[in-house]
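There are 2 protein chains.
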Amino acid sequence: MAMRLPRGFRAGATRAGIKPSGKPDLALLVSGLPASWAYVATQNRAAAPSIHRGRALYVQGGALRAVVVNAGNANCATGERGFLDDRRMAEAAALRLGVPVEEVLTASTGVIGVPLPVEKVEAGLPQIELTPYADAFAEAILTTDLVPKVAEAEVGGARIVGIAKGSGMIHPNMATMLAFVVTDALVSQEALREIWRGIVDRTFNQVTVDGDTSTNDLALLMANGAHGEVPLEPFVEAVEGVARELARRIARDGEGATKLMTVRVVGAATEEEARRAARTIAGSALWKSALYGNDPNWGRILAALGNSGVRFDPLRVRIQVQGIPLYAGGALPFDREAASQAMRREEVEVLVDLGEGQAEGVAWGCDLTEGYVRINALYTT
Amino acid sequence: MAMRLPRGFRAGATRAGIKPSGKPDLALLVSGLPASWAYVATQNRAAAPSIHRGRALYVQGGALRAVVVNAGNANCATGERGFLDDRRMAEAAALRLGVPVEEVLTASTGVIGVPLPVEKVEAGLPQIELTPYADAFAEAILTTDLVPKVAEAEVGGARIVGIAKGSGMIHPNMATMLAFVVTDALVSQEALREIWRGIVDRTFNQVTVDGDTSTNDLALLMANGAHGEVPLEPFVEAVEGVARELARRIARDGEGATKLMTVRVVGAATEEEARRAARTIAGSALWKSALYGNDPNWGRILAALGNSGVRFDPLRVRIQVQGIPLYAGGALPFDREAASQAMRREEVEVLVDLGEGQAEGVAWGCDLTEGYVRINALYTT
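The listed protein sequences derive, respectively, from chains D and U.
Residue numbering for the first sequence follows the UniProt record's numbering, starting at 1 and increasing by one per position.
Residue numbering for the second sequence follows the UniProt record's numbering, starting at 1 and increasing by one per position.
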């Protein structure tokens, strides 16, 4: 599945020896032209040096030329040294590419608290072969993910390609994962930054795997203009489509997950409430466990809804799972065996009508499985 | 382990046939004298009829004589009928005891969305034998709990006895579980209500099992004055001690738990922040999984801390697990095997110093295990 990047972008990866598995773990994504960019980063207060540096570059407001990513080591909680190592990683990438260091963004993902072997990064960067394809990059940025995640769209002849990693520590409040969306459309930095926050709120921030928000995550949108201008509205829709597809893939590939859950909340008073309600349901450990067991236990959906803090009257709420009405102001009679059977799919859809207003929201999650516990009980030792 | 109730209290239980297992499932707790009372109930917006009724009685401000509890059916999300059934349960208890219905509190716990077989409650109540002991009551209110939870204290000759159930859906924001604390001390309703909220915030609301807040939970404090007055300050301490002990037992008996985790946060700017930080760490699915695997993965503690939203500088934070320093502004060298060995206990203590101020807070939780997933994947079907 070769995924061609938009015009003017190249990418590549190498095995720098950071992952104990010896798999590719150092990746570059480069634009031949200085690109405008927008960026949303983790809210976690223990954010990694790469996040601090990214925020500073964002505020400076210059163009972006490249992103250098390492997987296997988050370079987080590594003390003062972590900031120097992050800087060295940016400098090595700038040297490799012949671009100003202020135009290179860094990203790290992996274990927390272990010093980054930055000399491996420095030794690995010159070995990266850059190609017009996203695939090597998409593979190298993975950690416990099972599959690479890419998505694409076209708008007015311009192309949009998204690449993401996810897996554990996936939860709203940004800090979802690493996501890089690049396009050859010509869009001003101002316009990009205006649209990206909203798109991230409706897509990546609506994904929840386990309620933990990582220290290192970011979502980047980069436009190098190689194709030229495109109409803004369809562009926003196309970028959101790519982000949504990546969000779904991240949820589906949650640690230990056996299925993707889509929660759609309609009839909310506000969009914010609809999104929050959907997120709370998608994040409920009790409902996620029931989902794993193919148990149409709608009481847990209602209880999660009650925890979300959004306005509703339980006597007006309606709940469907896989299109089967289970609750409408009270329990509905339904064939429990058939409902359970309908849940034995790789994708399960929950629909909740709050009966309060017109606003809608969607969230994505996965089931909570014995596999999740096993993966996370034994990650570092 | 016979636990004698304070003077003037009696309790008992019977098998009403609500639990499919046929175990005792209907319980009464009665004061011979009208008692002053304080009450904190779930914040869940889909709260059960028993909670709505309890809040109304609370606002009316009258005395309390009895609590009737059924286990096996939450009588929640059962439509208009649920409110009538809850009222019938209170009336049947009032009739059985010869007290005004406004002096009877109801509590229900169990499956959501299934109509309460209220005729079984009505048939069962006359069969309950009341004794001066808490044990039959403590056993009948359990659902997926493995052990009954009682605790006691004495202050100035007055006694305090607490009885609780917990297990799943245990999370702050009240809505923790059912907890009944009764005393023969003479304390005005006003004073009781003033102290109870704070005690609940420092104890039951600091317990987290899975982040889900139930629709039915409540914490009741009842004082019938049979012993007479006691000094208020030691009384508050004694009640808090009982509540804290119940909180610990609830956490230890969380669904599927193999160990109790105590998280103590010191050096916070405010008590609220200390408690919130402790709760967020105790609730992190990633750290709970590491705890299960005896993995001293302090990076997850730091990441959870970062999610709590409290103020801190990662370079000033210190983290210990089982008294072993793991992090102090950066990774500390430690013997991973020895630290893992130290975590192989039924109780694990996490100590975090934020280095910001003088405030402290404690939270209790448990590990996340394959057993939790199994229990909750197959609860109703």
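All C-beta atoms, glycine included, are put in the ideal place defined by N, C-alpha and C.
Residue i versus residue j - alpha carbon distance
i, j, result
"residue 229 of chain D", "residue 101 of chain D", "28 Å"
"residue 189 of chain U", "residue 195 of chain U", "10 Å"
"residue 173 of chain U", "residue 205 of chain U", "No answer about residue 173 of chain U holds up, because its pLDDT of 34 lies below 50 and its placement is not dependable."
"residue 3 of chain U", "residue 218 of chain U", "22 Å"
"residue 365 of chain D", "residue 7 of chain U", "52 Å"
"residue 171 of chain D", "residue 68 of chain U", "At residue 171 of chain D the pLDDT is 45, less than 50, meaning the model places this residue with poor confidence and gives no usable figure here."
"residue 352 of chain U", "residue 113 of chain D", "16 Å"
"residue 392 of chain D", "residue 304 of chain D", "In the structure as shown, chain D starts at 1 and stops at 381, and residue 392 of chain D therefore has no counterpart that could be examined."
"residue 31 of chain D", "residue 66 of chain D", "6 Å"
"residue 121 of chain U", "residue 135 of chain U", "20 Å"
"residue 94 of chain U", "residue 22 of chain U", "25 Å"
"residue 282 of chain U", "residue 256 of chain U", "15 Å"
"residue 71 of chain D", "residue 142 of chain D", "7 Å"
"residue 169 of chain D", "residue 46 of chain U", "In this prediction, residue 169 of chain D has a pLDDT of 48, which is less than 50 and means its spatial position is unreliable; nothing more can be read from the coordinates."
"residue 91 of chain U", "residue 28 of chain U", "13 Å"
"residue 374 of chain U", "residue 299 of chain D", "18 Å"
"residue 225 of chain D", "residue 12 of chain D", "21 Å"
"residue 338 of chain U", "residue 350 of chain U", "16 Å"
"residue 104 of chain U", "residue 220 of chain U", "12 Å"
"residue 181 of chain D", "residue 308 of chain D", "31 Å"
Delimiting residues of the beta strand (DSSP E) encompassing residue i
i, result
"residue 208 of chain D", "Counting along the chain, residue 208 of chain D falls outside any beta strand (DSSP E), and DSSP gives it neither H nor E."
"residue 324 of chain U", "324 to 328"
"residue 39 of chain U", "26 to 41"
"residue 89 of chain U", "Premise fails: residue 89 of chain U lies in the alpha helix (DSSP H), 79 to 97, not in any beta strand (DSSP E)."
"residue 264 of chain D", "260 to 268"
"residue 386 of chain D", "Missing from the structure shown is residue 386 of chain D; chain D here goes from 1 to 381 and no further."
"residue 9 of chain U", "9 to 14"
Segment limits, alpha helix (DSSP H) that includes residue i
i, result
"residue 242 of chain U", "232 to 252"
"residue 281 of chain D", "271 to 283"
"residue 187 of chain U", "Looking at the DSSP string, residue 187 of chain U is not in any alpha helix (DSSP H), and its letter there is neither H nor E."
"residue 293 of chain U", "Element bounds for residue 293 of chain U: n/a, residue is neither H nor E."
"residue 139 of chain D", "135 to 140"
Burial state of residue i (16 or more Cβ within 10 Å)
i, result
"residue 98 of chain D", "exposed"
"residue 367 of chain D", "buried"
"residue 151 of chain U", "buried"
"residue 175 of chain D", "Note that residue 175 of chain D scores 32 on pLDDT, short of 50, meaning its location in the model is unreliable and no value can be drawn from it."
"residue 316 of chain U", "exposed"
"residue 335 of chain D", "exposed"
"residue 146 of chain D", "exposed"
"residue 86 of chain D", "buried"
"residue 52 of chain U", "exposed"
"residue 463 of chain U", "Limits of chain U in this structure are 1 at one end and 381 at the other, which puts residue 463 of chain U out of reach."
"residue 139 of chain D", "buried"
"residue 346 of chain D", "exposed"
"residue 198 of chain D", "exposed"
"residue 10 of chain D", "buried"
For residue i, three-class secondary structure by DSSP
i, result
"residue 373 of chain U", "helix"
"residue 164 of chain D", "strand"
"residue 149 of chain U", "strand"
"residue 336 of chain U", "helix"
"residue 344 of chain U", "coil"
"residue 386 of chain D", "Given that chain D is displayed from residue 1 to residue 381, the structure contains no residue 386 of chain D and the question cannot be resolved."
"residue 307 of chain U", "helix"
"residue 180 of chain U", "strand"
"residue 50 of chain D", "helix"
"residue 108 of chain D", "strand"
"residue 60 of chain D", "helix"
"residue 351 of chain U", "strand"
"residue 363 of chain U", "strand"
"residue 121 of chain D", "helix"
"residue 316 of chain U", "coil"
"residue 171 of chain U", "Note that residue 171 of chain U has pLDDT 46, beneath the 50 cutoff, so the model's placement of it is unreliable and no number is given."
"residue 299 of chain U", "helix"
"residue 154 of chain U", "strand"
"residue 17 of chain D", "coil"
Within-9 Å CB hit, residue i to chain C
i, result
"residue 298 of chain U", "The chain inventory of the structure shown lacks chain C, comprising the protein chains D and U."
At least three beta-carbon pairs within less than 8 Å, the stretch 268 to 275 of chain D to the stretch 358 to 373 of chain D: A contact is defined here as three or more CB-CB pairs under 8 Å, and the stretch 268 to 275 of chain D meets this definition with respect to the stretch 358 to 373 of chain D.
contact_flag[the stretch 332 to 342 of chain D, the stretch 243 to 250 of chain D] where n(CB pairs < 8 Å) is 3 or more: No, because fewer than three Cβ pairs between the stretch 332 to 342 of chain D and the stretch 243 to 250 of chain D fall closer than 8 Å, the two stretches do not touch.
Contact between the stretch 300 to 318 of chain D and the stretch 53 to 64 of chain U (3+ Cβ pairs under 8 Å): Taking 8 Å as the limit for Cβ pairs, the verdict is that the stretch 53 to 64 of chain U does not touch the stretch 300 to 318 of chain D.
contact_flag[the stretch 152 to 164 of chain U, the stretch 226 to 244 of chain U] where n(CB pairs < 8 Å) is 3 or more: At 8 Å Cβ cutoff, the stretches touch.
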